[in-house]
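A short write-up of the structure that comes next.
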Amino acid sequence: MTQSDLLIIGGGPAGYVGAIRASQLGLKVCLVEEKKLGGTCLNIGCIPTKSLLSSASYIYGLKTPKAGVTVSSYSVDTKAIYSFKDGVVNKLTSGVENLVKTHGVDLKIGKAKFISNNQISVGEEIIEFKKAIIATGSKSIMPKSLYVDGFTVDSTFILEHPEMSGKNVLIIGGGVIGCELAFILNSFGSTVTIVEKLKAILPTEDKDCVRYVENSLKNKGVKILTDISVEKIEKGTVLLSNSESINVDYCVIAVGRMPNTDGLEQIKAGVNTGERKEILVDKNFKTSNPNIFAVGDVTGSIQLAHYASACMCKIIANLTGSLAPNIDVVPRVTYSIPEIASVGITETQAKAEGIEHKVGRFSYAASGKAMAMEETEGLVKVIVDKEDKVIGAAVVGADADNLIVPFTIAIALGLKSSQLASVIYPHPTLSEMILEVCEDVHGKAIHKAGRRRN
Ligand code: FAD
0 MTQSDLLIIG GGPAGYVGAI RASQLGLKVC LVEEKKLGGT CLNIGCIPTK
50 SLLSSASYIY GLKTPKAGVT VSSYSVDTKA IYSFKDGVVN KLTSGVENLV
100 KTHGVDLKIG KAKFISNNQI SVGEEIIEFK KAIIATGSKS IMPKSLYVDG
150 FTVDSTFILE HPEMSGKNVL IIGGGVIGCE LAFILNSFGS TVTIVEKLKA
200 ILPTEDKDCV RYVENSLKNK GVKILTDISV EKIEKGTVLL SNSESINVDY
250 CVIAVGRMPN TDGLEQIKAG VNTGERKEIL VDKNFKTSNP NIFAVGDVTG
300 SIQLAHYASA CMCKIIANLT GSLAPNIDVV PRVTYSIPEI ASVGITETQA
350 KAEGIEHKVG RFSYAASGKA MAMEETEGLV KVIVDKEDKV IGAAVVGADA
400 DNLIVPFTIA IALGLKSSQL ASVIYPHPTL SEMILEVCED VHGKAIHKAG
450 RRRN
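Following numbering that gives the first Met the number 0 from start to finish, the sequence shown increments by one per residue and tops out at 453.
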């Protein structure tokens, strides 16, 4: 029997990061991964989508003449694009394997199953642990009523099949994954329709920002049907709640992901789950077994790789008495074209919750760098409370994913917009919009027409 101080089940962004961090802090760690290190994020999530979206963005760029440059002919080889994506994924997953091993982590490849409150089996091997952390992630929700073999597929299928280009596809679900897939498929020549049962796509994001993405999808030829649900699916045909019937080659189900505890047999360790099969944890990620923690997507919390990693680092910090990261402020990015990045609360939330607030706004169209880049479609927004402390921000446009970072730091450190505006931003950069938007809160944005005094 193998003994382990700390056993981690699942090698995704929660599990592998935790194994390395725990090892750095002197724990003897065993990491068990059933498939490939990197989990959903590196293999079938964040990285493959971003690789394909980078190609999508490039293709859209070729179609749009810029500053006197036109491209008269180009070809798109989706097999080559997918093979580049596979190369990126393989490089990263083998890099993670190397990192895990060089940090002295005992890596086991196989499926972990609990057999008692302090033991698991991996194939024939039994591992006894002092503490364990479950980080087994999530899986696509595929409602039985929507499943038709060879017709309904999930995001993983799209990310693994270059031959989807040129097909007629219906995407059920206009959330983050649905929208990202819509851009990928549309750019590769597919005909795409999104059906969303709520009143808008990306319903949790800032409404002004979402409008840019909606317009972008529509201008590229993606049909968006909101406030409409799917009534029935038969191979080749989808019947909608507005009685419209749509004929498509494939139907992509992008209605969310659910916690994955398949075959884990956690109940043998006294670990309780909730209604959505999520592992129930307290605020320190402890399960109903005091020696077992759970973290990441399997707990049914925010499904983001960086959040999973940070929460895991907090557990390890608590176990070793070291400095824990702040996990209260979670930036999020939708990698649509243009991207939306946000942190903290939205303007709509601030209004709904009756929070006294002010909003600063600045348009990409007024940024010298954005003009020079021909990237004038976009908006930066900051929301501050009555003491001027930053409580939310949203950015839509080029480099939104990077522009959200200073706002995240501001919220985490309790900074005021006047403090964010009190440092020098290099010129010309898109980051100057952070200065402008924070000054706009006080009616003092230099590059904004008109005067506003609050
Ligand atoms: P996972 O990454 O799911 O890892 C769990 C691991 O556990 C897997 O490797 C699995 O094989 C293993 N495992 C499961 N059961 C067992 C067992 N019994 N024994 C051993 N091993 C087991 N997030 C972002 O932050 N940014 C993005 O841009 C982004 N894009 C996404 C795009 C798509 C299409 C998808 C599907 C997800 C995306 N996400 C994104 C979400 C992100 O991938 C997840 O939030 C993140 O991977 C969760 O990390 P985790 O470690 O909790 O679980």
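Positions of the beta carbon are idealized from the N, C-alpha and C atoms, including for glycine.
Here the structure is a predicted model, which is why all the values come from computation and not from measurement.
1) What runs of the beta strand (DSSP E), each 3 residues or longer, lie entirely inside the segment 182 to 240?
2) Measure the C-alpha to C-alpha separation of Val360 and Ala340 and round it to an integer number of angstroms.
3) Below 8 Å, how does it come out for the segment 206 to 226 and the segment 175 to 182: are there three or more Cβ pairs, yes or no?
4) Using beta-carbon positions only, say whether Gly396 and Tyr424 come within less than 8 Å of one another.
5) Buried or exposed, going by whether 16 or more other CB atoms sit within 10 Å of the CB of Asn453?
6) Phe150 CB to nearest chain D CB: under 8 Å?
7) His356 lies in the alpha helix (DSSP H); which residues open and close that run?
8) Measure from the alpha carbon of Leu412 to the alpha carbon of each residue in Gln348, Val99, Lys388 and Asn117, then state which is nearest.
9) Are Val294 and Ala13 close, meaning C-beta to C-beta below 8 Å?
10) For the structure I just gave you, are there three or more beta carbon pairs, one from the segment 195 to 204 and one from the segment 282 to 302, closer than 8 Å?
11) So, under 8 Å CB-CB, Lys137 and Asp261 are touching, yes? Tell me the CB distance rounded to an integer number of Å.
12) Thinking C-beta only, is Ser189 closer than 8 Å to Val168?
13) Under the three-state reduction of DSSP, which class applies to Lys285: helix, strand or coil?
14) Let's see if you can read the secondary structure: which residues bound the beta strand (DSSP E) around Ser139?
15) What is the DSSP secondary structure of Tyr249, reduced to helix, strand or coil?
16) Given this structure, state the Cα-to-Cα distance separating Asp4 from Leu303, to the nearest angstrom.
17) In the DSSP assignment, find the beta strand (DSSP E) that holds Arg256 and state where it starts and stops.
18) Since I believe Glu338 is in contact with Ala399 (beta carbons under 8 Å), could you give me their beta-carbon distance rounded to a whole number of angstroms?
19) Whether or not the segment 38 to 51 and the segment 78 to 85 are in contact is what I'm after, with contact meaning three or more pairs of Cβ atoms, one per stretch, closer than 8 Å; do they touch?
20) Please report the distance separating the alpha-carbon of Ile176 from that of Met0.
21) Grab the span of the beta strand (DSSP E) containing Thr454 for me, first residue to last.
22) What does the Cβ neighbour count give for Gln2, buried or exposed, with the cut at 16 atoms within 10 Å?
23) Run through DSSP, which three-state label would Gly299 get?
24) For Gly14, is the beta carbon positioned less than 7 Å from some heavy atom of the ligand FAD?
25) Mind checking whether the beta-carbon of Leu303 lies closer than 7 Å to any heavy atom of the ligand FAD?
26) When the Cα of Asn271 is compared with those of Pro258, Arg256, Gly255 and Asn288, which residue comes out closest?
27) Starting from the Cα of Val329, find the closest Cα among Glu374, Val379 and Val404 and give me that residue.
28) Give every residue of the same chain whose Cβ lies closer than 8 Å to the Cβ of Ile125, excluding the five residues on either side of it in the sequence, and list them in chain order.
29) If Asn290 and Lys130 are in contact, beta carbons under 8 Å, what's the gap, nearest whole angstrom?
30) Which one of Ile354, Thr135 and Lys62 has the shortest CA to CA distance from Ser72?
31) Taking only the alpha-carbon atoms, compute the straight-line gap between Gly367 and Pro427 and give it to the nearest angstrom.
32) Start and end of the alpha helix (DSSP H) containing Leu378?
33) So, do the segment 15 to 32 and the segment 144 to 163 have three or more beta carbon pairs nearer to each other than 8 Å?
34) Using only the alpha-carbon positions, how far apart do Ile445 and Glu435 sit?
35) Determine the direct distance from the alpha carbon of Gly37 to that of Val99, and round the result to whole angstroms.
36) Tell whether a beta-carbon distance below 8 Å holds between Ile132 and Ile7.
Per the coordinate set shown:
1) Taking only runs of at least 3 residues, the beta strand (DSSP E) segments lying wholly in the segment 182 to 240 are 190 to 195, 222 to 225, 229 to 233 and 236 to 239.
2) Position check: residue 360 holds Arg in this sequence, whereas Val was assumed. Each residue's Cα considered, the two are about 15 Å apart.
3) A contact exists between the segment 206 to 226 and the segment 175 to 182.
4) no
5) The predicted model places Asn453 with a pLDDT of 48, which falls under 50 and marks its position as unreliable; any figure quoted below should be read in that light. The residue is exposed, with fewer than 16 neighbouring Cβ atoms inside 10 Å.
6) The structure shown contains no chain D, having only a single protein chain.
7) From DSSP, His356 is part of no alpha helix (DSSP H) but of the beta strand (DSSP E) over His356 to Ser362.
8) Lys388
9) yes
10) no
11) Here the sequence assigns Ser to residue 137, which means Lys is not the residue at that position. Actually they are not in contact, since the Cβ atoms of Ser137 and Asp261 sit about 11 Å apart, beyond 8 Å.
12) Annotated as proximal: Val168 and Ser189, with beta-carbon spacing under 8 Å.
13) strand
14) Ser137 to Ser139
15) strand
16) Looking at the two C-alpha atoms, the distance is approximately 28 Å.
17) Arg256 to Pro258
18) 4 Å
19) yes
20) About 42 Å.
21) The chain is shown from 0 up to 453; residue 454 falls before or after that span and cannot be answered.
22) exposed
23) coil
24) Proximity of the beta carbon of Gly14 to the ligand FAD is indicated: a heavy atom of the ligand is located closer than 7 Å.
25) yes
26) Asn288
27) For the residues Glu374, Val379 and Val404, the minimum Cα distance to Val329 belongs to Val404.
28) Met0, Thr1, Ile114, Gln118 and Ile119
29) 5 Å
30) Nearest option by C-alpha distance: Lys62.
31) Going from the Cα of Gly367 to the Cα of Pro427 covers about 7 Å.
32) Per DSSP, Leu378 belongs to no alpha helix (DSSP H); it is in the beta strand (DSSP E), Leu378 to Asp384.
33) Because the criterion of three Cβ pairs below 8 Å is not met, the segment 15 to 32 and the segment 144 to 163 do not touch.
34) Linking Ile445 to Glu435 through their CA atoms gives a straight-line distance of about 7 Å.
35) Answer to the nearest angstrom: the Cα atoms are 11 Å apart.
36) yes
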